[in-house]
Structures are given as C-alpha cells and as structure tokens.
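> For the record, in the sequence shown the residue sitting at position 16 is 15 according to numbering that gives the first Met the number 0, with numbers rising by one throughout. We put the CB at the ideal spot given by N, CA and C, even for glycine.
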Amino acid sequence: MSVRHVPPATPPTTLAACSYLAAPLLALVYGVLRIVDGFDGSRGPGAAWTLGHLAFMAALVLFAVMLHDMRALLGRTRMATVTFAAGLAGIGFAFVQFAVDVVVGFMAADHEAMGPLFDQVQAVPGVSLLVYQAGPVLFYAALVALSAQLAAGRHVRPWMPLLVLAQTVLPVISLDLIPVGSALAVVAFLPLALRARSRSVPAHV
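As structure tokens, then:
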C-alpha cells in the first residue's frame, strides 16, 4: 500500500512574512481614507479616493503573497491548491475593480460625472457579475477557507479563522466597518506573521 507523500512547507520569504500584517494594514488605510473621503457628502474623485484605492490594490498584491504562503504551510495539498487558485482569481477580479475605480476617478471632473462612466464599464457583458459581484467573493471565501484548513491542521489556533470570518462579514454589514475588520485581520494573522518571520529567507531580487 502506497503512502501519499506530503512535501514539507517551503520556508517563506521575508516578503511573505511581512505580508501577513502589511496586507490588512493597507486595507485599514483604505477603509479610513474611504471614511475621510465621505466627509463632504460624496466619495470621489480626489486624493482620498485615489490614495485609498491604490492602498487596497497594494494590499491585494500582498494578500496574494500571503495566500501562497498559507498554501505552502498546508503542504500544497490538493484542497489548498484549489482554494489558492480560487483566491488568486478573486484577487484578480477585485484588482480590476479597484483599477477601474482609479481610472474613473481620474477621468471624472466631479462625483456626478463618475456615475455615467461606471455605467459604461458595467454595461460590458460579464463585467458586473465577475468584477463587481461574484468574482471578488472568491478571494474572501478562499481567505476564510485556507484559515480554516490551517486551524484543522493545528497550524493556528481555532479562533483565527473566526476572526478572519468576522473580518470578511463586517464590510458586508457596512463598508464603514472596513477599518474594524482590518484590525481584526491584523490580530488574526499576527501569529502567522511571527511564525513566518522566524522561518523566513531573504527574497531573491
């Protein structure tokens, strides 16, 4: 009877170790700037709109690095790999959404002018569903799923995926809760950040 060999986890790079905290912190920056942007009664265009969206786009890149390290920590199992692939797809869709927001912000003279531009983008078949609705959900679902797999494998404490789930649900209740959810994510991923840092190797440049 053959025994399936699970390869050991690859030591994370310094970037991977940093991503566990940098990604949710950048998401927190986005959440705060989003609130600030609404102080005048509307959101975008302007510096807060652009900087906030750029911060979240950077966060998405680091979340991809983080998901890759979580997959490695799970031994690159089939389930972890499928979840990772779904997460990458979700990150890609979310990145496109935020990139569109940035471009619209640059093109529009004022907030009222942004609406027709968004309508033009979402009128393209499939864009509304993939980029603004179902697509980004894959990222958040993968983040929760990988956290649950890590907890099931006793790589993290059982409360960690619960915090990640809360971080995902809070913005659904209200986008103004993004900073709160991001703060919970920092707490959730801190043990993995410390663990990855102790095992990290310098990234190749």
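What are the complete beta strand (DSSP E) segments, minimum 3 residues, inside the stretch 4-77?
Taken in chain order, the stretch 4-77 contains no complete beta strand (DSSP E) segment of 3 residues or longer.
> From what residue to what residue does the alpha helix (DSSP H) around residue 161 run?
158-172
> What separation, rounded to the nearest whole angstrom, lies between the Cα atoms of residue 18 and residue 39?
33 Å
> Note down, in chain order, each residue of its chain lying with its Cβ closer than 8 Å to the Cβ of residue 47, except the 5 sequence neighbours on either side.
32, 33, 35 and 36
> Please give me, in chain order, every unbroken run of the alpha helix (DSSP H) with length at least 4 that falls completely inside the stretch 101-143.
110-121
> For residue 2, does the three-state DSSP call read helix, strand or coil?
Confidence in residue 2 is poor, its pLDDT being 40 and thus under 50, which makes the residue's placement too unreliable to answer from.
> Does the beta-carbon of residue 4 have 16 or more other beta-carbons within 10 angstroms, so that it is buried, or is it exposed?
Here the model assigns residue 4 a pLDDT of 47, short of 50, so the residue's position is not dependable, and the following value carries that caveat. Flag for residue 4 reads exposed.
> Nearest to residue 84 by alpha carbon, out of 120, 63 and 72?
63
> Measure from the alpha carbon of residue 154 to the alpha carbon of each residue in 109, 181, 179 and 71, then state which is nearest.
Across the set 109, 181, 179 and 71, the C-alpha of 71 shows the shortest separation from the C-alpha of residue 154.
> Using the Cβ count rule (16 or more neighbours within 10 Å means buried), how would you classify residue 77?
exposed
> Taking DSSP as the reference, what is the three-state secondary structure of residue 153?
coil
> Taking residue 90 as the reference, which of 137, 162, 24 and 189 has the closest Cα?
137
> Compare the C-alpha of residue 99 against each of 141, 56 and 60 and name the closest.
56
> Count Cβ pairs between the stretch 102-118 and the stretch 182-196 that sit closer than 8 Å; are there 3 or more?
no
> Buried or exposed: where does residue 79 fall if 16 or more other Cβ atoms within 10 Å of its Cβ makes it buried?
buried
> Among the residues of its own chain, which have a CB less than 6 Å from the CB of residue 191, if the five just before and after it don't count?
Excluding positions up to five away in sequence, the list reads 19.
> One question on the structure: do residue 15 and residue 68 come within less than 8 Å of each other, judged by their Cβ atoms?
yes
> Near residue 176, what residues of its chain come up, given a Cβ to Cβ distance below 7 Å and the 5 sequence neighbours on each side ignored?
169 and 170, listed in sequence order.
> Please report the straight-line C-alpha distance between residue 203 and residue 159, rounded to a whole angstrom.
Only weak support exists for where residue 203 lies, its pLDDT of 48 falling under 50; the value from the coordinates is given anyway. Their backbone Cα atoms lie some 30 Å apart in a straight line.
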